[in-house]
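Using our numbering, you'd call the opening residue of the sequence shown number 1066 and step up by one each time.
Think of the CB as a built atom: it goes at the ideal place given N, C-alpha and C, for glycine as much as any other residue.
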Amino acid sequence: MTRRNTVSEAKKPDIVIASFEKSLQWIKLNPKPVCIAGATIVVLAGLFIGFRFYEDRRDERVQYLLSQGLRNYQEFLLAGQQDSLTKAESSFRELLRENPKGTDNIARLYLGKISRAQNRLDEAHTYYAQVAQSSGDPLIKKFASSALQELKGSK
């Protein structure tokens, strides 16, 4: 009995081969939708690759702006050059315009420090308050809150 089942199973076409043959027949009968689907897949793949390339370039720019701003701010702290402070401020403002999620609060913290160094206390308060309200990182919130307390104490 098992031998008969084996022979009958061997005579049946394989399900994978049968479905492949049916797919080929359908493709031959409907070439237009297949071409449209293929073109759509190629376009979507191109868009995905292009978007990834754009994001990588944007991330590199954000890292560059952040490092430039930090370097210029440290130069100001070490040498007291007002020009370095101005460059740091422009780097951090540009970083805010790029609007990367995650670094915007860091940029606001440094802009608050820069505003405080330039004796623009209201502007510094605004930056610190924005960070304290919008940051999801408890450490950054703590920095902003302590800076707000220092500003209130200095007034």
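Check                                                                                                                                                                                     : Outcome
Tell me whether the region 1158 to 1172 and the region 1123 to 1139 touch, counting them as touching only if at least three CB pairs, one residue from each stretch, are closer than 8 Å. : yes
Decide if residue 1204 is buried, meaning its Cβ has at least 16 other Cβ atoms within 10 Å, or exposed.                                                                                  : exposed
Tell me the rounded alpha-carbon separation between residue 1192 and residue 1176.                                                                                                        : 7 Å
Applying the criterion that 16 or more other CB atoms from any shown protein chain within 10 Å of the CB defines a buried residue, is residue 1181 buried or exposed?                     : buried
Measuring alpha carbon to alpha carbon, tell me which of 1102, 1160, 1196 and 1096 ends up nearest residue 1125.                                                                          : 1160
Are residue 1196 and residue 1168 close, meaning C-beta to C-beta below 8 Å?                                                                                                              : no
With a 10 Å radius around its C-beta and 16 neighbouring C-beta atoms as the bar for buried, classify residue 1150 as buried or exposed.                                                  : buried
How is residue 1147 classed by DSSP in three states: helix, strand or coil?                                                                                                               : helix
Decide if residue 1097 is buried, meaning its Cβ has at least 16 other Cβ atoms within 10 Å, or exposed.                                                                                  : exposed
Take the Cβ of residue 1138 as the centre, count every other Cβ of all protein chains shown within 10 Å, and call the residue buried at 16 or more, exposed below.                        : buried
To the nearest angstrom, how far is it from the Cα of residue 1179 to the Cα of residue 1157?                                                                                             : 10 Å
Among 1210, 1145, 1209 and 1084, whose alpha-carbon lies nearest the alpha-carbon of residue 1183?                                                                                        : 1145
What number of angstroms, rounded off, separates the C-alpha of residue 1106 from the C-alpha of residue 1090?                                                                            : 21 Å
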